[in-house]
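With UniProt numbering applied, the sequence shown covers 1 to 222.
Each residue gets a CB set at the ideal place from its N, CA and C atoms; glycine is no exception.
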Amino acid sequence: MCEFVKTKLLPSGNSIPDVGLGVYQSAPGSETYQAVLAALKLGYRHIDTATVYRNEKDWRGTTRSEAWRALEDMQIEGLVRDVGVSNFGELHLRKLAKTWRLKPAVNQIELHPWLARADTVKYCEEQGILLEAYSPLARAKKMHDQTLQKIANEVSATPAQVLIAWTLSKGFVTLPKSVDESRIKENLEAAKLILTTEQMETLNGLDTYFVTAWDPIKDHAV
1 MCEFVKTKLL PSGNSIPDVG LGVYQSAPGS ETYQAVLAAL KLGYRHIDTA
51 TVYRNEKDWR GTTRSEAWRA LEDMQIEGLV RDVGVSNFGE LHLRKLAKTW
101 RLKPAVNQIE LHPWLARADT VKYCEEQGIL LEAYSPLARA KKMHDQTLQK
151 IANEVSATPA QVLIAWTLSK GFVTLPKSVD ESRIKENLEA AKLILTTEQM
201 ETLNGLDTYF VTAWDPIKDH AV
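This is the structure in structure tokens:
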């Protein structure tokens, strides 16, 4: 793993790298294979995948359809190191908390300056649940934002690197997606970037509940 990429400690005592490679919507087969291979060679040690992406079989992943209690059982039995959830809002987590024996180690949700999800973030931080930011680049839909461009110029970085640095500065694990080797490298090197308090406050002010596709947190029943 790259020496400049930090890690977060999970409840099990294991750690997870702050920067991972997302492969959502990467084509199954060669495209996903080459992207992951390039990432591993560059120093990535965190690859985010899921059965629903329809490319997990390229990496011989296993499918687990059990509910949360079964996941807890597997962790208790030592079959898995850590278990987590995805697209859980505060209310979903509060409902789960009524019966959980183990807290989720992570909650993976869409997070970027235009979608800060303050309530969910606050609850996760209070509960010690690590947040993983998917679509941290807002699916490239905000790359020409003037505020983002200005900060990128100030720190001599790309807009994408600034967005990754924002997620890392917030204490999130970040999962930028790319199949281009140069961008995969660029995303990793964003871990070196330090934003000032003023720059972070400026980016924090961009929050407008901008969801890049659909909002599973809002649309899924509690």
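Could you check which residue in the options has the C-alpha nearest to that of residue i?
i      : options                        : result
PRO113 : THR174, PRO11, GLU186          : THR174
TRP214 : PRO17, ALA221, GLU110, GLY43   : GLU110
ARG183 : THR167, THR158, TRP166         : THR158
VAL121 : LEU71, PHE4, ILE217, VAL5      : ILE217
VAL5   : PHE172, PHE210, ASP119, ALA118 : PHE172
THR197 : ALA118, TRP166, ASP219         : TRP166
LYS142 : SER156, GLU126, GLY128, VAL162 : VAL162
LEU193 : ASP207, VAL155, ASP219         : VAL155
TYR44  : GLN199, GLU189, THR208, ASP207 : GLU189
ASP48  : MET74, ALA70, ILE16, LEU42     : ILE16
LEU37  : GLU126, ASP219, LYS185, GLN75  : LYS185
GLY128 : PRO11, GLN34, VAL23            : PRO11
LEU42  : MET74, GLU3, ALA70, SER30      : GLU3
GLN199 : ASN153, THR208, ASP219         : ASN153
ALA140 : ALA160, GLN75, VAL23, ALA35    : ALA160
ASP207 : VAL23, ASP119, MET74, ALA35    : ASP119
ASP219 : TYR123, PHE88, CYS124          : PHE88
THR99  : ALA70, GLU125, SER30, TYR123   : ALA70
Below 8 Å on the Cβ atoms is my contact criterion, and I expect residue i with residue j to pass it. Report the Cβ-Cβ distance as a whole number of Å.
i      : j      : result
ILE151 : ASN187 : Incorrect: roughly 17 Å between the Cβ atoms, too far for contact.
GLY13  : HIS46  : Not confirmed; about 17 Å, so no contact.
SER169 : LEU131 : With a Cβ gap of about 13 Å, SER169 and LEU131 do not count as contacting.
GLU72  : ARG117 : Actually they are not in contact, since the Cβ atoms of GLU72 and ARG117 sit about 25 Å apart, beyond 8 Å.
LEU115 : VAL222 : With 8 Å as the limit, LEU115 and VAL222 do not qualify as a contact, their Cβ atoms being about 19 Å apart.
LEU40  : TRP68  : Not really, about 31 Å apart at Cβ, beyond 8 Å.
THR7   : ASP18  : 6 Å
Go to residue i, then tell me how far its beta strand (DSSP E) extends in each direction, as first and last residue.
i     : result
LYS8  : 7-9
SER15 : 15-17
In terms of residue numbering, what span does the alpha helix (DSSP H) encompassing residue i cover?
i           : result
ILE194      : No alpha helix (DSSP H) contains ILE194, which DSSP labels as neither H nor E.
ARG69       : 68-76
ALA38       : 30-42
residue 234 : In the structure as shown, the chain begins at 1 and stops at 222. Residue 234 is therefore absent and cannot be evaluated.
Taking 8 Å as the cut-off, is the beta-carbon of residue i closer than that to any non-hydrogen atom of the ligand GTP?
i      : result
ASN187 : The ligand content of the structure shown is nil, which means the ligand GTP is not present either.
Point to revise | Given 8 Å, three or more beta-carbon pairs between the region 79-89 and the region 105-120 | key: yes
Review point. Quick one: complete beta strand (DSSP E) runs, 3+ long, within the region 109-173?
Key: 130-134
**Study point:** contact_flag[the region 167-182, the region 71-81] where n(CB pairs < 8 Å) is 3 or more
**Key:** no
Check your understanding: Do the region 135-148 and the region 198-210 meet, that is, are 3 or more Cβ pairs less than 8 Å apart?
Key -> yes
Review point. Taking the runs of the alpha helix (DSSP H) that are 4 residues or longer, which of them lie wholly in the region 79-107?
Key: 90-97
Exercise for review: Say whether the region 89-96 touches the region 133-140, bearing in mind that this needs 3 or more beta-carbon pairs closer than 8 Å, one atom from each stretch.
Suggested key: no
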